[in-house]
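A.B. asks: Before we start, here is the structure in question, set down as structure tokens.
Numbering (the working numbering), first residue to last: 1422 to 1490.
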């Protein structure tokens, strides 16, 4: 869905005039865009960190803030 741009994030809901929460529902810090939950959300990053730690793995790739497209 992300690849096809079909996730119902706040920015997409706003473009269609539908009701939405203005900020990310996970971190409540930044506007929710298609990229935010995947790479910019502090909550999502912590979840991925915990998953990788539990699996004794490391992140294969680091994506700096604002560079996910």
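Glycine residues also receive a C-beta, built at the ideal position from the N, C-alpha and C atoms.
1) List, from N- to C-terminal side, the alpha helix (DSSP H) runs of 4 residues or more that fit wholly inside the segment 1435-1462.
2) Between which residues of its own chain and residue 1453 is the CB-CB distance below 6 Å, once the five residues before and five after are set aside?
3) Would residue 1476 pass as a contact of residue 1455 if the rule is Cβ separation under 7 Å?
4) Give me the Cα-Cα distance between residue 1464 and residue 1451, rounded to the nearest whole angstrom.
C.D. replies: This is what the structure holds:
1) The qualifying runs do not exist here; there are none.
2) 1430, 1431 and 1445
3) Cβ distance not < 7 Å, so residue 1476 and residue 1455 don't count as in contact.
4) 11 Å
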